[in-house]
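Residue numbers (mature numbering (1 follows the signal peptide of the UniProt record, and there is no 0)): -19 to -1, 1 to 703.
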């Protein structure tokens, strides 16, 4: 074999004007600084510039030029083999991983020339400013709507950098990629799997704790943010919705205990704990985490399906890595509001250092209000105050309500209801002041003007009282939320149980005189409805989509135009037929129940409505509601679908509608002697139009409905012709 000297090799160049070595780099990567725990792959391409001869590849080495890291932190692979063909190219990949300090090395390729071909590998490896841990239980949000994918794609627009780690634990959905639980790190434009844990329950405390402790150990940072992504149900519903393994959800006291344990194990507080989930912006939930965080972010109300705007938030965090939770939280809230413009939204930033003051204010408030839970007259005044305050995911029409009320609204209305009690007024105002101090920033859509940052549990649907409330507000028997307030709620419910007969209402004496429908309502009420339907509906379906026997059902309601005159302890109610003949709500021309969802009581009119429907999707059905908004252009806009509170006791996000959206209308029907919302065979398909008009002749029966002060929905026991 002929041996070429380096000078001889140069003579083998083509006649082109090369001014380079026989072997050169045609692609050299940009090397970025990284944070501890991250990895980086550097891809090189080298080329044989000799057009008539192969060149030997004697060695490819990574040479340490003075760093103190283990040799194993840089590993290389190559397609080059032992030689490089004439005018040929090959690839070399260098992976940097498990580095805990700066790297100072070079890639060296010995091809038999006078000196090897080299390229420096120098980068800074240091602790990140922030590690962001996102705990994603995909549930139906992913399996049916791919919303986890949507948010992760947003994260990939920024990804992990030298300033931030973005680390996920995903699973809990009956969907490819979510059948097992995976740990992944987000890089710009990509998602890298770190571990597959198999089929484990994502709502189990040890699963969550292990992820956070592992994350802090492997992705150390100066500060930490943890985001819980999925369904939320407030203090009583907790967080979760795992489709694959029980338990479906974790109670807030158990989740708070997890955070306590993580703090004890790692010594780290969280800069922010946030919930990209419905209904988690409650005083009880925030109190559970108060001692282990600086800031809390949660929504009082349901969230739209797209949730938080992750690219905006992560971009800000990467650009301003020294920002604190106060600044970051405001960016999160602004991005969330912008992303979900046109939908009902609330999101709040809470200063954890102020939550102890709020707890004390709640204790004083409970002490002042408790005496009023012992007589029927005063109990009714509390009930009326509670009903008039802005609340969330709470309706007399549904047998699963969360009964969360805006805390400022509730305290103010209690004060207004008992103006002569100076102590109660002062205690109520102290609650308002404490909320205002704790809530650093909040932003609501225009139709949530009476939302001020935090909710609290106080039942208005008394038959659905959450018996676990004392347990979920304590860890190992020690309350993290005001014990006296929890006792107040319990005493309020106990009085209801012991005095039901003096609190519930009864409708009787329904009649029609040719002009007006009239009836007598015993006891006080909160809501009145006029309803039309049929006494022998043949279009009803059971939960398994099987036909039901003919039953009474009522398909459309009106809430305006009903007069009520008090007569002792009774009310005489009336509804004139003629003025409202063409005022029945219709969806795509079909009569529907158009239920006011009074989220802004200070507004004289209604802006939010719910239409009970059953979603038809991929061979399955889900009961829930179409969300309707009277927008600022005074037009009714169907903005999304929210499923009812499910078996996990958590509320689903409001899912955006799509061209294939299809629903069955639900009617209020008497099935097996029980009145409840029941699906019908009447189907509506996207797009959806809300209108008002007359109803067909088969809706020939009339009844009144009333929501009484105990939260029961009652209906006239008989009907009259319509």
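By construction, the Cβ of each residue, glycine as well, lies at the ideal position given by its N, Cα and C atoms.
Owing to the predicted nature of the structure, the values given are computational and were not obtained by experimental measurement.
Taking C-alpha atoms, which residue in 215, 322, 2 lies nearest to residue 94?
By 1-based counting over the chain shown, the position of residue 94 is 113. Checked all of 215, 322, 2; the closest Cα to residue 94 is 2.
Cα separation between residue 569 and residue 590?
Your numbering for residue 569 matches position 588 in the chain shown. Your numbering for residue 590 matches position 609 in the chain shown. Looking at the two C-alpha atoms, the distance is approximately 16 Å.
For the beta strand (DSSP E) containing residue 149, name the first residue and the last one.
As a first step, residue 149 is located in the chain shown; it is residue number 168 there, counting from the start. Where residue 149 is concerned, the enclosing beta strand (DSSP E) stretches over 145 to 152.
With distances taken from CA atoms, which of 539, 631, 641, 512 is nearest residue 621?
Counting from one through the chain shown, the residue named residue 621 turns up at place 640. The shortest C-alpha separation from residue 621 is found at 641.
By Cβ distance below 6 Å, which residues in the same chain neighbour residue 351 in space, the five residues on each side in sequence not counted?
Locating residue 351 in the chain shown gives position 370, counting from the first residue. Cβ within range, chain order: 469.
What does residue 673 pair with, by DSSP beta-bridge criteria?
Within the chain shown, residue 673 is the residue found at index 692, counting from 1. For residue 673, which the question treats as bridged, DSSP gives the partners 566.
With DSSP as the reference, label residue 244 as helix, strand or coil.
If you number the chain shown from 1, residue 244 lands on position 263. Residue 244 falls in the helix class under three-state DSSP.
Whether or not the region 331 to 340 and the region 263 to 275 are in contact is what I'm after, with contact meaning three or more pairs of Cβ atoms, one per stretch, closer than 8 Å; do they touch?
yes
Along the chain, where does the beta strand (DSSP E) containing residue 40 start, and where does it finish?
One-based indexing of the chain shown puts residue 40 at position 59. Residue 40 -> beta strand (DSSP E) spans 40 to 45.
If you measure between the beta carbons of residue 413 and residue 389, is that distance less than 8 Å?
For the purposes of this step, residue 413 is taken as residue 432 along the chain shown, with counting starting at 1. For the purposes of this step, residue 389 is taken as residue 408 along the chain shown, with counting starting at 1. Cβ distance < 8 Å, so residue 413 and residue 389 count as in contact.
Out of 502, 201, 176, 330, which one is the CA nearest neighbour of residue 257?
For the purposes of this step, residue 257 is taken as residue 276 along the chain shown, with counting starting at 1. Nearest option by C-alpha distance: 330.
Rounded to the nearest angstrom, what separates residue 50 and residue 449 at their Cα positions?
The residue labelled residue 50 in the question sits at position 69 within the chain shown. The residue labelled residue 449 in the question sits at position 468 within the chain shown. Approximately 53 Å, taken between the alpha carbons.
Smallest Cα separation from residue 395: which of 379, 353, 462, 373?
Position 414 of the chain shown, counted from the first residue, corresponds to residue 395. Comparing Cα-Cα distances from residue 395 to each of 379, 353, 462, 373, the minimum goes to 353.
Going by DSSP, what residue range makes up the alpha helix (DSSP H) through residue 361?
Walking along the chain shown from the start, residue 361 turns up at place 380. Element bounds for residue 361: 357 to 369.
Taking only runs of the alpha helix (DSSP H) that begin and end inside the region 214 to 244, which ones reach a length of at least 4 residues, in chain order?
215 to 218
Take the Cβ of residue 322 as the centre, count every other Cβ of all protein chains shown within 10 Å, and call the residue buried at 16 or more, exposed below.
The count along the chain shown starts at 1 and reaches residue 322 at position 341. Residue 322 sits exposed, since fewer than 16 C-beta atoms from the chains shown fall within 10 Å of its C-beta.
Near residue 575, which residues of its chain fall below 7 Å by C-beta distance, leaving aside the five closest residues on each side in sequence?
Here residue 575 is taken as the residue at index 594 of the chain shown, counted from 1. Counting only Cβ-Cβ distances below 7 Å, and skipping sequence neighbours, we find 538, 566, 590, 592.
Could you have a look at residue 100 and say whether DSSP puts it in helix, strand or coil?
Reading the chain shown from its first residue, position 119 is the one you call residue 100. Residue state, collapsed to three classes: strand.
Can you list, in chain order, the residues of its chain with a C-beta nearer than 7 Å to that of residue 250? Leave out the 5 residues immediately preceding and following it.
Within the chain shown, numbered from 1, the residue matching residue 250 stands at position 269. So the list reads 244, 273, 274, 275, once near-sequence residues are dropped.
Once the 5 residues before and after residue 510 are set aside, which same chain residues still bring their CB inside 6 Å of it?
Position 529 of the chain shown, counted from the start, is the residue given in the question as residue 510. Hits under 6 Å: 538, 540, 686.
Would you report the Cα separation of residue 174 and residue 164, rounded to the nearest angstrom?
Along the chain shown, one-based indexing puts residue 174 at 193. Along the chain shown, one-based indexing puts residue 164 at 183. Each residue's alpha carbon lies about 6 Å from the other.
Classify residue 28 as helix, strand or coil using the three-state DSSP reduction.
Translated into the one-based positions of the chain shown, residue 28 becomes position 47. Strand.
Check residue 686 in the structure and name its three-state DSSP category.
Position 705 of the chain shown holds residue 686. DSSP places residue 686 in strand when its eight states are reduced to three.
Quick check for students: name the residue ranges of the alpha helix (DSSP H) that lie wholly in the region 285 to 365, counting only runs of 4 or more.
Counting whole runs of 4 or more residues, the region 285 to 365 contains the alpha helix (DSSP H) stretches 291 to 300, 306 to 320, 336 to 350.
Under 8 Å, do residue 212 and residue 693 count as touching if we go by C-beta distance?
To locate residue 212, count along the chain shown from 1; it is residue 231. To locate residue 693, count along the chain shown from 1; it is residue 712. Cβ atoms of residue 212 and residue 693: not closer than 8 Å.
In this structure, how does DSSP classify residue 136 when only helix, strand and coil are distinguished?
Numbered from its first residue, the chain shown carries residue 136 at position 155. Helix at residue 136.
On a Cα-Cα basis, can you pick out the residue from 96, 183, 344, 306 that is closest to residue 294?
By one-based count along the chain shown, residue 294 stands at place 313. Taking only the C-alpha atoms, the option nearest residue 294 is 306.
From residue 88 to residue 71, what does the alpha carbon distance come to, in whole angstroms?
Here residue 88 refers to the residue found at position 107 when the chain shown is read from its first residue. Here residue 71 refers to the residue found at position 90 when the chain shown is read from its first residue. Their Cα atoms are separated by approximately 15 Å.
Shorter than 7 Å, the distance from the beta carbon of residue 277 to the closest heavy atom of the ligand ATP, or not?
Looking at this structure, you won't find the ligand ATP or any other ligand, since it has none at all.
Checking 8 Å against the spacing of the C-beta atoms, do residue 14 and residue 105 come in under that value?
Along the chain shown, one-based indexing puts residue 14 at 33. Along the chain shown, one-based indexing puts residue 105 at 124. Going by C-beta atoms, residue 14 is nearer than 8 Å to residue 105.
Report, in whole angstroms, the separation of the C-beta atoms of residue 302 and residue 145, which I expect to be a contact under 8 Å.
Translated into positions along the chain shown, residue 302 becomes position 321. Translated into positions along the chain shown, residue 145 becomes position 164. Going by Cβ atoms, the distance from residue 302 to residue 145 rounds to 7 Å, so yes, they are a contact pair.
Pairs of beta-carbons, one from the region 220 to 229 and one from the region 111 to 127, closer than 8 Å: are there three or more?
yes
Quick one: using the 10 Å Cβ neighbour count with 16 as the cut-off for buried, is residue 488 buried or exposed?
Residue mapping note: residue 488 aligns to position 507 of the chain shown, counting from 1. By the 10 Å Cβ count, residue 488 comes out buried.
Identify the continuous alpha helix (DSSP H) that holds residue 561 and give its terminal residues.
Looking up residue 561 in the chain shown gives position 580. Segment: none, residue 561 is in no alpha helix (DSSP H) and carries neither H nor E.
Who pairs with residue 604 in a beta bridge, going by DSSP?
Along the chain shown, read from residue 1 onward, the residue named residue 604 stands at position 623. Residue 604 pairs with 595.
To which residues of the same chain is residue 230 closer than 8 Å at the C-beta, ignoring the five residues directly before and after it?
To locate residue 230, count along the chain shown from 1; it is residue 249. Cβ neighbours of residue 230 beyond the five flanking positions: 184, 212, 214, 218, 219, 220, 221, 222, 223, 629, 630, 631.
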